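**Q**
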Amino acid sequence: MSGRPTLSRIRKDGAPRHLLIRNKSPTASYTERVDEPIASTEHTPEPTGHRPESTPSLTVVIPTFNRVSALRTCLEHLERQSCTGFEVIVVDDGSTDDTPRFLAEYPGRTSLRLRCLRQQNNGPSRARNWAIQQAQAPVVLMIGDDIFGGPAFIETHLQFHRQHPAREDAALGLTRWSTTGQTVTPLMAWLDEGGFQFSYHDLLDGKQPGWEHFYTSNLSLKTALLRENPFHEAFTRDRWMMEDLELGYRLEHTRGLRLSFLPEALAEHLHPTTLRKTCARAFGAGLSARVFHELWPELKPAPSTGPRSWLAAGLHWRGWLLKPMTWVTERVTRLRCPNPLLRPLLRMYAARGYRMPYTPGDKDH
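Residue 161 in the UniProt record's numbering sits at position 161 of the sequence shown; the count goes up by one each step and never skips.
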């Protein structure tokens, strides 16, 4: 396979072929994707709410799935920003909780310049691509539905792009665990401080950010660059992780992306987790890493050789060690965290996910 991504479902202008837009109103509204019928038809209200007088300076893009409570808090934090002149686009990725009803009603009672879209459950790549095509601002800020921006969060991103107008310049804000609505456990602190999930600690120590820090929980880029280089939709609902890192690598190596770190653009992350959930996430990361390496085989690590690696691979694949090691690590972690068992256990889950069968194109919508 070629070392460059095969973007079979993306037009030359960067717009995925499936994007058919029913409602382009800049006012608060609710729209469903019309090329893929969903199970239930939502009410589309007349545009109401804040009616802007000019083109927004920034578009906040939020994909969401089954987290209506966190999404509500996310939007409330956006309502309390120190600046105005931005719009918000929320894409419901086929939620089965109360999210559709909430998003059908919320535009009519918010001061935000808000548009709510809905699609079948296909993962955040397709959701973000749709929102980016709808964006009216020259800058897109991507966050998660469980990300709560501080009061100067958006203004800090805007100021960066005013000072760095080149298409290649992008900004990564700092995301920390929220201390409201969850208890930050020692495991969560380990994940946040250089464990298995993020590398903000390196950036705070002065490391220059690169594609491996392309985290869409708090990241802003020029809209034109994203339209010409959309998220790869081989990362679907089953293999939805690492779609951000793939785009970061592609932009850095084909478009000269320059990523800057903005610790002042602070946001909080509400996502309570446990060791079991972290193991499931590691398994998902392994599934997605397989897609990533199919697209960029030059980044695939060299296979280990020798009897010990063959034995380890067999045990990982069969899962013979996973259950007892998970049980032991869970109990050790309750007494001591971090501990020497955590990283090997998560690597085992990631390795098992990576070895799951995958045929390129099977999941590419």
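For glycine and all other residues, C-beta sits at the position ideal for the given N, C-alpha and C. As the structure is a prediction and not an experimental result, all values here were calculated from the model.
If we count the other Cβ atoms within 10 Å of its Cβ and call it buried at 16 or more, is Leu-141 buried or exposed?
**A** Answer is buried; the Cβ neighbour count reaches 16.
**Q** Kindly give me the distance between the Cβ atoms of Pro-272 and Gln-208, rounded to whole angstroms, as I take these residues to be in contact under 8 Å.
**A** About 32 Å separates the two Cβ atoms, so there is no contact after all.
**Q** Is DSSP giving residue 370 helix, strand or coil here?
**A** The structure shown does not extend to residue 370, since the chain is modelled only from 1 through 365, so no value can be given for it.
**Q** Here's the rule: buried if 16 or more other CB atoms are within 10 angstroms of the residue's CB, otherwise exposed. What is Asp-205?
**A** Flag for Asp-205 reads exposed.
**Q** Under the three-state reduction of DSSP, which class applies to Leu-141: helix, strand or coil?
**A** Note: Leu-141 maps to strand in three-state DSSP.
**Q** Buried or exposed for Gly-286, please, with buried defined as at least 16 other CB atoms from any protein chain shown within 10 angstroms of its CB.
**A** It counts as buried.
**Q** By Cβ distance below 6 Å, which residues in the same chain neighbour Gly-353 in space, the five residues on each side in sequence not counted?
**A** The answer, listed in chain order, is Phe-283, Gly-286 and Leu-287.
**Q** Glu-87 and Arg-109: beta carbons closer than 8 Å?
**A** For Glu-87 and Arg-109, no; Cβs fall outside 8 Å.
**Q** Return the first residue and the last residue of the beta strand (DSSP E) that Thr-175 is part of.
**A** Segment 169–177, the beta strand (DSSP E) holding Thr-175.
**Q** Quick one: residues in its chain with C-beta nearer than 8 Å to the C-beta of Lys-12, no 5 flanking neighbours on either side, listed in chain order?
**A** Its pLDDT being 31, under 50, Lys-12 is placed unreliably in this model, and the value from its coordinates should be taken loosely. Excluding positions up to five away in sequence, the list is empty.
**Q** Exposed or buried, which one is Trp-327 when buried takes at least 16 other CB atoms within 10 Å?
**A** So Trp-327 ends up on the exposed side.
**Q** Which residues mark the beginning and the end of the alpha helix (DSSP H) in which Phe-160 is found?
**A** 153–163 is the extent of the alpha helix (DSSP H) around Phe-160.
**Q** Grab me the residues of Leu-346's own chain with a C-beta within less than 7 Å of its C-beta, minus the 5 sequence neighbours each way, in chain order.
**A** Excluding positions up to five away in sequence, the list reads Phe-196, Thr-278, Cys-279 and Ala-282.
**Q** Please report the straight-line C-alpha distance between Trp-240 and Thr-179, rounded to a whole angstrom.
**A** Their Cα atoms are separated by approximately 27 Å.
**Q** Along the chain, where does the beta strand (DSSP E) containing Leu-112 start, and where does it finish?
**A** Careful: Leu-112 lies outside any beta strand (DSSP E) and carries neither H nor E.
**Q** Within the continuous beta strand (DSSP E) that includes residue 371, where are the two ends?
**A** No statement about residue 371 is possible, as the shown extent of the chain runs from 1 to 365 and does not include it.
**Q** Closest by CA to Pro-147, which one among Ser-54, Arg-343 and Ala-265?
**A** Before going on, a small fix: residue 147 reads as Ile here, not Pro. Comparing Cα-Cα distances from Ile-147 to each of Ser-54, Arg-343 and Ala-265, the minimum goes to Ala-265.
**Q** Measure from the alpha carbon of Leu-321 to the alpha carbon of each residue in Arg-336, Arg-334, Leu-341 and Cys-337, then state which is nearest.
**A** Residue Leu-341 is the option with its Cα nearest to Leu-321.
**Q** May I ask which residues mark the beginning and end of the alpha helix (DSSP H) holding Pro-63?
**A** That residue, Pro-63, is in no alpha helix (DSSP H); its beta strand (DSSP E) goes 58–64.
**Q** Rounded to the nearest angstrom, what separates residue 367 and Trp-130 at their Cα positions?
**A** Missing from the structure shown is residue 367; the chain here goes from 1 to 365 and no further.
**Q** Going by alpha carbons, who is nearest to Ser-82 out of Ser-220, Pro-151 and Gly-248?
**A** Checked all of Ser-220, Pro-151 and Gly-248; the closest Cα to Ser-82 is Pro-151.
**Q** Which residue wins for smallest C-alpha separation from Trp-211, given the options Leu-251, Asp-192, Ala-234 and Glu-233?
**A** For the residues Leu-251, Asp-192, Ala-234 and Glu-233, the minimum Cα distance to Trp-211 belongs to Leu-251.
**Q** Quick one: Cα of Val-332 to Cα of Thr-274, how far?
**A** Cα-Cα distance, rounded: 13 Å.
**Q** Look at the alpha carbon of Thr-73 and the alpha carbon of Ala-302, and state the distance between them as a whole number of angstroms.
**A** When rounded, the distance between both Cα atoms is 44 Å.
**Q** Ends of the alpha helix (DSSP H) at Val-328?
**A** That run of the alpha helix (DSSP H) goes 322–335.
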